[in-house]
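Note sheet for the following structure.
Residue numbers (my numbering), protein chains in the order written: chain A, 269 to 689; chain B, 21 to 327.
As structure tokens, this is what we get:
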């Protein structure tokens, strides 16, 4: 019998509503409160103990782009960021559009990953937006959702068919909402900053029109639909409206979309280039308001590693995306909790019950019998992020050198401490 | 943060102090040749090497910088990368390393990507003079335009300046707006809606927008016409005939302007596209004065950066 006693921490478990000092005992990989834990003890006094954090939007780059990240290195970065489960997007090479690729990822993760890896399958073959991928077979092989992330499904009829099929499989459909005609050639949010910097704009409407379309299609088909990395005020308003109508529509936002604005692009630093782009302060206010109101269900990082030489280019030639696994808790504490916007319990929910419910994963709680995935973090220690020491193979973060108050302390997967500060 | 002082080069007008601009213009005036004479020579930059790094085709700006550097006694090397076969991103990083090895004293750079000089400035310690970056800034053009205006007008303050054409893609417009605004000019930006984003009104104090050329020209002291930058539009442009009809400058437009109005154009001009031949050749046109002033202004800038 293998056990671990996490002693004396402030246990916050939004799934059961518990918030108080308590020991947590994991026996044989399960939360087992009744047992006497006689194994090793983890002293969590002064720290928060929560169900393992889930990041439902990560790019692990394997297979195909192992120079930027691998399942192994990405999982180490996840563990160092306090995540016990991650979902990997299908825009690898080859694209995860078949059971073969899904099985490869599942197998690689079994051997190389410190944390749970849940693949997300492509909606269309090669994520080209034309022909549906082998969605049913991929589900049998282990995918938990479908998405052509990195690209939208531009053809509305293809999206409709995907939603119909996903509905019959009770599979979540995630869309990267971007009208490619409106955003074509854009490098940053279209607004006064893009105009001044002479960079081509990606208008907020390029996201808005796709969110609107998808909500209408989701209503028509009855599919469970999720907006990836929501970033605009009108998109948040539309999701809130859809929820008020009782539709099974959810969304996630990323730490950088509530921590940064388009004003941060002033120096043409490519570490601020991502899709969707950093939006205006009005959008950021709406994102935070959407988190407070519950319109936004999940915080996901959109961890998007790019090798150094890819980012060592003029701004308009650099790829989109930044790493995010290791800074998510720190940014969420700073911008949401320390700022007084939401409670610590609400923040925990955005990383646990939020994604677990959206994905229908049997995780995200410390209730009796639940899987023994635990994230231990603190809310007060001062630390600064040193990207050169990142576990990720890529170092494209705008938060290098940033000072944080509070961050991950230990990551425990099925009772094993896989990372410790 | 953006560089503000000349020892680090000249990346743009936006972050330059008004006093700095005044100093450059005053020096440039001294470099202007007297009537019927050639440019002065000096050896103030003797022993200095200036690299002209042009990633985008340019005749007048590159030549102007070369002449300016030589008049001051500097050696110049011009590197022109067409950027067609090689990915420009790769070549910029590679060129960067090559340049460091050459140990030049300053780099004059033109690049099709906005922010490219800022990118280079982050990695090099030597001063960089921006000779035009994408659709962002073209600081020496704004300086020479200011010098040209001041040849004809006592001050920039209170002048009504209409800038007409493809504002969205114009680095000349951006640099001019920043400069003129610092001196209290009234700036009217005019063009078709697709080339005149609303956010331009927030570029600097004193800027208004209009889609109507007659409104823009009314009571103008200065009319600056811009080239339609088809190469930067990336979408089907307005038909040429339609454009000229609504945004091409013609002689009778100028009756709405102030009597002493001057007409400017950064060149190269497209007769019959953005202005009529009659306007280009009229007494009100100072387009050729702009070219001459380019050398004087670039001498002043290089001297300030390097001496």
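We put the CB at the ideal spot given by N, CA and C, even for glycine.
Taking only three categories from DSSP, how would you classify residue i?
i: residue 249/B; result: coil
i: residue 563/A; result: coil
i: residue 490/A; result: coil
i: residue 50/B; result: helix
i: residue 123/B; result: coil
i: residue 545/A; result: coil
i: residue 469/A; result: strand
i: residue 60/B; result: coil
i: residue 23/B; result: Because residue 23/B sits at a pLDDT of 37, beneath the cut-off of 50, its placement in the model cannot be relied upon, and the point is left open.
i: residue 433/A; result: helix
i: residue 667/A; result: coil
i: residue 417/A; result: coil
i: residue 41/B; result: helix
i: residue 155/B; result: coil
i: residue 298/B; result: helix
i: residue 400/A; result: strand
i: residue 284/A; result: coil
i: residue 291/B; result: strand
i: residue 451/A; result: helix
i: residue 129/B; result: strand
Could you tell me which chain A residues have their CB closer than 7 Å to the CB of residue i, listed as they occur along the chain?
i: residue 136/B; result: 582
i: residue 133/B; result: 582, 583, 584, 585
i: residue 191/B; result: 466
Within 9 Å (strictly less), CB to CB, does residue i reach chain B?
i: residue 669/A; result: no
i: residue 458/A; result: yes
i: residue 452/A; result: yes
i: residue 577/A; result: yes
i: residue 696/A; result: Coverage of chain A is limited to positions 269 through 689, which leaves residue 696/A absent and any answer about it impossible.
Report back the beta-carbon spacing between residue i and residue j to the nearest angstrom; my notes put them in contact at under 8 Å.
i: residue 616/A; j: residue 387/A; result: The pair is not a contact, with the Cβ atoms about 25 Å apart (cut-off 8 Å).
i: residue 579/A; j: residue 527/A; result: With 8 Å as the limit, residue 579/A and residue 527/A do not qualify as a contact, their Cβ atoms being about 19 Å apart.
i: residue 558/A; j: residue 477/A; result: So it is not a contact: roughly 19 Å between Cβ atoms.
i: residue 357/A; j: residue 520/A; result: With 8 Å as the limit, residue 357/A and residue 520/A do not qualify as a contact, their Cβ atoms being about 12 Å apart.
i: residue 418/A; j: residue 403/A; result: About 18 Å separates the two Cβ atoms, so there is no contact after all.
i: residue 624/A; j: residue 632/A; result: 3 Å
List the residues of chain A whose Cβ lies closer than 8 Å to the Cβ of residue i, in chain order.
i: residue 220/B; result: 463
i: residue 194/B; result: 464, 466
i: residue 223/B; result: 460, 463, 464
i: residue 340/B; result: This structure gives no information on residue 340/B, because the portion of chain B shown stretches from 21 to 327.
Please confirm if residue i has its CB atom under 9 Å from at least one CB of chain A.
i: residue 165/B; result: no
i: residue 30/B; result: no
i: residue 199/B; result: no
i: residue 208/B; result: no
i: residue 181/B; result: no
i: residue 251/B; result: no
i: residue 130/B; result: no
i: residue 217/B; result: yes
i: residue 185/B; result: no
i: residue 255/B; result: yes
i: residue 121/B; result: no
i: residue 226/B; result: no
i: residue 155/B; result: yes
i: residue 36/B; result: no
i: residue 142/B; result: yes
i: residue 188/B; result: yes
Measuring only from the beta carbon, is residue i closer than 8 Å to any heavy atom that is part of the ligand COA?
i: residue 640/A; result: With respect to the ligand COA, the structure offers nothing, as it holds no ligand at all.
I want to verify the contact list: residues of chain B whose CB lies under 7 Å from the CB of residue i, in sequence order.
i: residue 536/A; result: 135, 138, 139
Could you list which residues in chain A have their beta carbon closer than 9 Å to that of residue i, in chain order?
i: residue 115/B; result: Under the 9 Å cutoff, chain A gives no residues; its nearest Cβ is about 12 Å from residue 115/B.
Please check if any C-beta of chain E sits within less than 9 Å of the C-beta of residue i.
i: residue 126/B; result: The structure shown has no chain E; the protein chains it does contain are A and B.
field: Minimum length 3: unbroken beta strand (DSSP E) runs contained in the stretch 288-370 of chain A
entry: 309-311, 316-319, 321-326, 351-356
- prompt: If you scan the stretch 182-258 of chain B from start to end, which runs of the alpha helix (DSSP H) of 4 or more residues do you find wholly inside it?
  reply: 191-202, 233-237, 250-253
- prompt: What runs of the alpha helix (DSSP H), each 4 residues or longer, lie entirely inside the stretch 67-106 of chain B?
  reply: 80-91
message: Just to confirm the assignment: which complete alpha helix (DSSP H) runs, minimum length 4, are found wholly within the stretch 573-629 of chain A?
response: 576-579, 596-600, 612-619, 621-627
query: Mind pulling the alpha helix (DSSP H) runs of 4 or more residues that sit fully within the stretch 507-555 of chain A?
result: If we require 4 residues or more, the alpha helix (DSSP H) runs fully inside the stretch 507-555 of chain A come out as 523-527.
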